[in-house]
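Numbering (the working numbering), first residue to last: 7 to 372. To start, the structure itself, in structure tokens.
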């Protein structure tokens, strides 16, 4: 176990053994049941005999250090965010993932990976992490260069259509596009046929370059309305959120409502759901996963993306065949996550997704 030292402005040396044991019991009790623990309960849990009065003195010292606090005047103590961070850094012992959970993850994720659809693979990984962790499973997929297999326009109303892009790997992207005034159903078909004849096998960027080079030919082959649809459609596909990750997959949000007993808990969840819906700052989320090796743990305000909701995030990056970080998998939940169990779960899932994404089509088992 690492020596538990606080910053120099709080304590110059390590906590003594008695303070360490009391602090550990307070945090573990919080992670197990989410309730404050008092001196009498601690006296029954300690391996050494210590009076409630002596325990209260130690708790007072821990409170002055900012490691624990009393939610109410006469209540027991709960760990602060600083206390949770020190517990994770100094006390948390993470073992191997149990074989049954390892098999569950591998069977489900690898079976999905055999279908060769990244979207399906990542969605399954998110759902799986949610089910196993009882938190919300999260997968962040970086923007990829989709190689096109088929394009179709489906009219939704007079001025809008759904552009459906099908990739060679089975991924499907849907975008809403504005229709030029007066566009007809036959012109939608004409524009799609023209694109399918010239951009199959190309990425969006390559398709746009191809259309630029064929502008004169396009003008001759299509009428002005159809040409505008082709131009505006490709501009939307290749230009929208070019510097942002394209997908945030979250499964199991209902799990976060379990054991919610206080109004402030509901308010934190509302803020978290708002963050997830707006998807603000996703590029920062990927940066968080990229800046360290393996699994990273962010508690409360340490993670700016979900700081208002006071949530914890356990996240690990996954890589492509060249070893480049292209996304991240993780679990979002309350600060009293079961870190000991979730850390190896997230780590194993991230490594498995990396192996599947790095495997050539038709390759063997990872």
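Note that the Cβ used here is the ideal one computed from N, Cα and C, for glycine as well.
Reduced DSSP secondary structure (H/G/I, E/B, other) of residue i
i, result
"residue 366", "No answer about residue 366 holds up, because its pLDDT of 43 lies below 50 and its placement is not dependable."
"residue 156", "strand"
"residue 93", "helix"
"residue 14", "The predicted model places residue 14 with a pLDDT of 38, which falls under 50 and marks its position as unreliable, so this point remains unresolved."
"residue 44", "coil"
"residue 171", "strand"
"residue 208", "coil"
"residue 247", "For residue 247, the pLDDT reaches just 48, beneath the cut-off of 50, and the residue's location in the model is therefore unreliable, although a value from the coordinates is still provided. Correct three-state label for residue 247: coil."
"residue 342", "coil"
"residue 130", "helix"
"residue 227", "helix"
"residue 258", "coil"
"residue 306", "helix"
"residue 198", "helix"
"residue 107", "helix"
"residue 101", "coil"
"residue 112", "helix"
"residue 27", "helix"
"residue 300", "coil"
"residue 189", "coil"
"residue 353", "helix"
"residue 38", "helix"
"residue 49", "helix"
"residue 329", "coil"
"residue 280", "helix"
"residue 317", "coil"
For residue j and residue i, believed in contact at Cβ under 8 Å, the rounded distance
i, j, result
"residue 275", "residue 262", "6 Å"
"residue 100", "residue 346", "6 Å"
"residue 92", "residue 73", "7 Å"
"residue 84", "residue 42", "5 Å"
"residue 208", "residue 153", "7 Å"
"residue 133", "residue 257", "4 Å"
"residue 259", "residue 40", "The Cβ separation is near 19 Å, so there is no contact."
"residue 127", "residue 320", "Not a contact, Cβ separation roughly 20 Å."
"residue 200", "residue 227", "6 Å"
Pairwise C-alpha distance: residue j and residue i
i, j, result
"residue 348", "residue 361", "20 Å"
"residue 170", "residue 112", "31 Å"
"residue 66", "residue 364", "53 Å"
"residue 108", "residue 141", "18 Å"
"residue 196", "residue 202", "10 Å"
"residue 45", "residue 339", "28 Å"
"residue 318", "residue 146", "16 Å"
"residue 232", "residue 189", "7 Å"
"residue 278", "residue 177", "28 Å"
"residue 186", "residue 328", "42 Å"
"residue 55", "residue 75", "24 Å"
"residue 29", "residue 172", "55 Å"
"residue 305", "residue 322", "15 Å"
"residue 210", "residue 131", "27 Å"
"residue 68", "residue 280", "35 Å"
"residue 249", "residue 326", "Below a pLDDT of 50, predicted positions are generally treated as unreliable, and residue 249, at 49, falls in that range; no measurement from the model is reported."
"residue 191", "residue 214", "23 Å"
"residue 24", "residue 87", "21 Å"
"residue 71", "residue 331", "38 Å"
"residue 246", "residue 138", "Here the model assigns residue 246 a pLDDT of 47, short of 50, so the residue's position is not dependable and the matter cannot be decided."
"residue 344", "residue 81", "24 Å"
"residue 21", "residue 47", "21 Å"
Proximity below 9 Å, CB of residue i to CB of residue j
i, j, result
"residue 356", "residue 335", "yes"
"residue 194", "residue 181", "no"
"residue 350", "residue 106", "no"
"residue 157", "residue 198", "yes"
Identity of the residues DSSP links to residue i by a beta bridge
i, result
"residue 184", "166"
"residue 322", "335"
"residue 85", "74"
"residue 179", "171"
"residue 143", "257 and 337"
"residue 161", "167"
Near the ligand ATP: residue i beta-carbon under 8 Å from a heavy atom
i, result
"residue 174", "Absence of the ligand ATP from the depicted structure is noted, as is the absence of any ligand whatsoever, leaving it without description."
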